[in-house]
Amino acid sequence: MSRIIISTTDAPQAIGTYSQAVRAGDTVYLSGQIPLIPATMQMVEGDIAAQVRQVFSNLAAVAAAAGGSLNDCVKVHVFLTDLVNFPVVNEVMAEFFTEPYPARAAIGVAALPRGAQVEVDCIMVL
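First residue of the sequence shown: -18, per this note's numbering; consecutive thereafter.
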């Protein structure tokens, strides 16, 4: 099966050896996004809600570049440096997704790139 690399300037460029997303058949694997502003590659300022909102905005841009939307996601992984912030993830996620919601996992981690408090990746089926 061939792989198609998905890339957009509407989301932060990769800061390592990975693609923003890879499509294999009807499945698109979106790499983890942290709250970087695409135009500046700097972390968004503000509280955890601002970080989560930026992360989902970045993912939405990659999903659109792949020909879909976040509502095409079937699995979401949320990585948090403090699981006490999980209710904020729920609130902000409701701004970006409609029911039926995708499957989801929340993982507490010690640290994330660039000092981010949240990172999210997902799998989308078109």
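Backbone N, C-alpha and C fix where the C-beta goes; we use that ideal spot for every residue, glycine too.
field: Cβ-based neighbour list, alanine 2, same chain, cut-off 7 Å, excluding 5 preceding and 5 following
entry: These residues qualify, in order along the chain: Ile(-13), Val9, Tyr10, Leu11, Ser12, Val43 and Ala47.
- prompt: At which residues does the beta strand (DSSP E) containing glutamate 26 begin and terminate?
  reply: Counting along the chain, glutamate 26 falls outside any beta strand (DSSP E), and DSSP gives it neither H nor E.
message: The beta strand (DSSP E) that contains alanine 84, what's its start and end?
response: Counting along the chain, the beta strand (DSSP E) containing alanine 84 begins and ends at 84 to 89.
field: Contacting residues, own chain, Cβ-Cβ under 6 Å from glutamate 100 (five flanking each side not counted)
entry: Excluding positions up to five away in sequence, the list reads Gly13, Ile15, Phe60 and Leu93.
- prompt: Going by DSSP, which residues form a beta bridge with leucine 17?
  reply: In the DSSP assignment, leucine 17 forms a beta bridge with Met24.
task: Return helix, strand or coil for serine -17, following the three-state DSSP convention.
output: In the displayed model, serine -17 falls within coil according to three-state DSSP, outside both helix and strand.
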